[in-house]
Amino acid sequence: MLAGNLPFEIQAAILDHLNSVSRIQYSLVSRHWRQAARHVLFKTIQLRSEKEVDAFADLLLESSSLGESVRKLVFKTPASMNEAQQYSALIRLTPNLQILETGRHANRLYQVAVEEIEHGHWQHLHAINDSMILYDYESMTAHELEQIRGTGPDYYALASALRDRLSAVKLDVTSERDSPFEPHCFQPPFYITRQTRFKALENLVCFSEEKTAIRSLDSALSLCPHATEVTFSLCYFHSCEDNRIQFRPNTTVTTVHVFASRLTEASLNYLLHKFLNVKQLIIRILDYDDDEYDEDRIGPFEIPTEMATQLAYYACTTEKFDIWFRGLMNNVQLFVAFTLVRWQGEMQVNLQSHYIQFEHDRSKPKHSGLYLCLDVTSLDLRQPSVRAYFNQLDVLSIGQIGLEHYPLLTHCTQLQELHMQYGHLSAYDGPYLPIRSLVVSYGNYNINFLRQLSALTPHLKNARLTFNASSKVKIDMPSISFDSLYLIIAQPQEESPFYFHLTQFGKDRYYQAIENQLYEMEADEFKKHEPVPNKAKVICKGIKHLEIHRRVNGPLNRLILHTFL
Numbered sequence: 001m002l003a004g005n006l007p008f009e010i011q012a013a014i015l016d017h018l019n020s021v022s023r024i025q026y027s028l029v030s031r032h033w034r035q036a037a038r039h040v041l042f043k044t045i046q047l048r049s050e051k052e053v054d055a056f057a058d059l060l061l062e063s064s065s066l067g068e069s070v071r072k073l074v075f076k077t078p079a080s081m082n083e084a085q086q087y088s089a090l091i092r093l094t095p096n097l098q099i100l101e102t103g104r105h106a107n108r109l110y111q112v113a114v115e116e117i118e119h120g121h122w123q124h125l126h127a128i129n130d131s132m133i134l135y136d137y138e139s140m141t142a143h144e145l146e147q148i149r150g151t152g153p154d155y156y157a158l159a160s161a162l163r164d165r166l167s168a169v170k171l172d173v174t175s176e177r178d179s180p181f182e183p184h185c186f187q188p189p190f191y192i193t194r195q196t197r198f199k200a201l202e203n204l205v206c207f208s209e210e211k212t213a214i215r216s217l218d219s220a221l222s223l224c225p226h227a228t229e230v231t232f233s234l235c236y237f238h239s240c241e242d243n244r245i246q247f248r249p250n251t252t253v254t255t256v257h258v259f260a261s262r263l264t265e266a267s268l269n270y271l272l273h274k275f276l277n278v279k280q281l282i283i284r285i286l287d288y289d290d291d292e293y294d295e296d297r298i299g300p301f302e303i304p305t306e307m308a309t310q311l312a313y314y315a316c317t318t319e320k321f322d323i324w325f326r327g328l329m330n331n332v333q334l335f336v337a338f339t340l341v342r343w344q345g346e347m348q349v350n351l352q353s354h355y356i357q358f359e360h361d362r363s364k365p366k367h368s369g370l371y372l373c374l375d376v377t378s379l380d381l382r383q384p385s386v387r388a389y390f391n392q393l394d395v396l397s398i399g400q401i402g403l404e405h406y407p408l409l410t411h412c413t414q415l416q417e418l419h420m421q422y423g424h425l426s427a428y429d430g431p432y433l434p435i436r437s438l439v440v441s442y443g444n445y446n447i448n449f450l451r452q453l454s455a456l457t458p459h460l461k462n463a464r465l466t467f468n469a470s471s472k473v474k475i476d477m478p479s480i481s482f483d484s485l486y487l488i489i490a491q492p493q494e495e496s497p498f499y500f501h502l503t504q505f506g507k508d509r510y511y512q513a514i515e516n517q518l519y520e521m522e523a524d525e526f527k528k529h530e531p532v533p534n535k536a537k538v539i540c541k542g543i544k545h546l547e548i549h550r551r552v553n554g555p556l557n558r559l560i561l562h563t564f565l
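What the sequence shown shows, in UniProt numbering, is residues 1 to 565, in sequence order.
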């Protein structure tokens, strides 16, 4: 094969590599390289314009064997009504294509593909990725939604033509206003009906831009009897029928993703009783609109106690889940329901005023973390399950610490890491804490508070402390021997040198920062520079590793690292 037939990048690389090698070997090397690299070079082809579509079709007409390596075609350009002949040529010259990915206005491409598939071409095509079928319909314009609807019939025609081998499909399950139980994907022309079956399909995506009835969703699900992963991206998932609807439980689906703007008690009940063999679960509900909807709306978006308990025990049967609700009015009740379950593996909880998230992974080592940002007095510590939850907690983040946190901290008997802000307390007279790590962010820094806290944290080994520009950087923790101390300091002056003063067992040591290292200096020399504007003083038993980040005039960092021998 002539060097000119190689892509320019490969030709240049080979020539550069062989400058000192005999030219006799060049043809042999290039021929083997081309043969070995062909399946990689042409496995995925992206066509960004009509010119590229024409050029690639012409290339395949000249070298038809190249098309056999193409496994994925990506059309970045809208399909043109004038390109039907070129589309037909591409389809016939890429016999092993498996994945078709399209952008806007792919109707004409889909139409040609249906015709060619009927004539026996693209026998290995099993996936259609239409980028116009998105998830975030709330943010889309009316014109964009119209484009999706306009693409739908031709997309469904192609999906129907591939129904015996299609591995993934996306169905519009928006309920029609005139027929509330008929999803939009069943509308004329009837490419997809209730009798259609996608026999090889594994991944089903159901989306909607408006309301979706439970019965509509269940009808779409019945088209895919062997699906193992389902994604529901819905605007408003509701019932619009009596709660006695009958549905057949599903044990084939093992992965469920639910993204919805609004939810009802009936729709949540459907999810919990429909899918009985789920291993991975994602539920993300964003309820932020106070518009009036159907009477079965959980209003104002609350989950009844019994259903909250059902959700917790349902999640317990999975191997991995990520569940969050925004706009939920009874977050604490849902949190309490989840404390009733003994979780194996890693469990992270984020509990705020109108937001709650649970992340769990059974495969990870046992670990429990809680981020709290709400009135902690709303937590009833008299409940045994709540006390038991705090007793097993590994990591706790509480925001600004106050007296109201002391009862809660009393129950954290296994706590290893505490995140907090300084708050307004001038002293710490709370409970003993078994923590090994402490993270303190911005707030009203108080030297006395930190000293008293350290006296009740005898196992503390690691600390990350943040100081604002107005704070005097003095850390008085004489009972602590640090494995690592991490300081974030906002410095008012960039040009002034930085000094570090360490006191251990009454003995003072002085250091000056030069670039990113500390260099020890004599006491007399240090005192010559007093008063020092940029200085940190630490009183402790010892430090093994010190890391200081200086923020000067904004986000710029000056990093200092030092290991004490």
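Each residue gets a CB set at the ideal place from its N, CA and C atoms; glycine is no exception.
### Message
Can you tell me whether ASP322 is helix, strand or coil according to DSSP?
### Response
strand
### Query
By a C-beta neighbour count over all protein chains shown, 10 Å radius and 16 as the cutoff for buried, is TYR313 buried or exposed?
exposed
### Message
Whole angstroms are fine: how far does the CA of VAL440 sit from the CA of ARG551?
### Response
16 Å
### For PHE564, three-class secondary structure by DSSP
coil
### Query
From this set, HIS105, LEU60, ARG464, VAL70, which residue's C-alpha is nearest SER80's C-alpha?
HIS105
### Query
What span of residues does the beta strand (DSSP E) with LYS366 cover, start to end?
Note, LYS366: premise wrong, no beta strand (DSSP E); not H, not E.
### Reference ILE548, options ALA536, GLY542, LYS541, closest by Cα
ALA536
### Query
On the three-state DSSP scale, how would you describe SER261?
strand
### Task
In the DSSP assignment, find the alpha helix (DSSP H) that holds ASN448 and state where it starts and stops.
447–455
### Message
DSSP three-state label for HIS549, please.
### Response
strand
### Message
So, with DSSP's three-state summary, where would you put CYS316?
### Response
helix
### Task
Determine the direct distance from the alpha carbon of GLU530 to that of ILE539, and round the result to whole angstroms.
19 Å
### Contact under 9 Å by Cβ, GLU265 with TYR236
no
### Task
Identify, in the order they occur along the chain, each residue of the same chain with its Cβ nearer than 7 Å to the Cβ of LEU393, setting aside the five sequence neighbours on each side.
SER368, LEU370, CYS412, GLN414, LEU415
### Message
Please state the DSSP three-state secondary structure of LEU353.
### Response
Note on identity: in this sequence residue 353 is Ser, with Leu being the wrong assignment. Here SER353 sits in coil by DSSP.
### Query
According to DSSP, what are the bridge partners of GLU101?
VAL74, ASN129
### Rounded distance between the beta-carbons of GLN86 and ASP130, thought under 8 Å
Going by Cβ atoms, the distance from ASP130 to GLN86 rounds to 20 Å, so no, they are not a contact pair.
### Residues near GLU229 in its chain [Cβ-Cβ closer than 6 Å; skip 5 each side]
ASN203, THR255
### Counterpart residues of VAL230 in DSSP-defined beta bridges
LEU204, VAL256
### Message
Using only the alpha-carbon positions, how far apart do ALA490 and ASN350 sit?
### Response
29 Å
### Task
Quickly, what does DSSP pair ALA168 with across the bridge? List them, please.
ASN203
### Query
Any contact of the region 499–509 with the region 449–467, i.e. 3+ C-beta pairs under 8 Å?
no
### Where the beta strand (DSSP E) containing LEU334 begins and where it ends
Element bounds for LEU334: not the beta strand (DSSP E) but the alpha helix (DSSP H), 331–339.
### Query
Under 9 Å between the Cβ atoms of PHE56 and LEU90?
yes
### Query
How many whole angstroms separate the CB atoms of VAL173 and ALA220, which I take to be in contact at a CB cut-off of 8 Å?
5 Å
### Query
Looking at THR212 and PRO183, is the spacing between their C-beta atoms short of 9 Å?
yes
### Message
Rounding to the nearest angstrom, what Cα-Cα distance links LEU485 and ILE560 in this structure?
### Response
12 Å
### Task
Report the rounded CA-to-CA distance for LYS474 versus ASN448, giving the unit in angstroms.
10 Å
### Own chain, CB closer than 7 Å to SER64, minus 5 neighbours either side, in chain order
LEU93
### Query
Per DSSP, ALA388 is paired with what?
Per DSSP, none; premise fails for ALA388.
### Query
For the putative contact between TRP122 and GLU115, defined by C-beta atoms under 8 Å, what is the C-beta separation to the nearest angstrom?
With 8 Å as the limit, TRP122 and GLU115 do not qualify as a contact, their Cβ atoms being about 11 Å apart.
### Query
With C-beta atoms as the reference, is HIS360 less than 9 Å away from VAL395?
no
### Query
Where does ASN277 land, buried or exposed, given buried means 16+ other C-beta within 10 angstroms?
exposed
#### Entry: Candidates GLN421, TYR428, LEU433, of which the one nearest PHE390 by Cα
LEU433
### Per DSSP, the bridge partner or partners of ASP476
ILE539
### Task
Measure the C-alpha to C-alpha separation of ILE398 and LEU438 and round it to an integer number of angstroms.
12 Å
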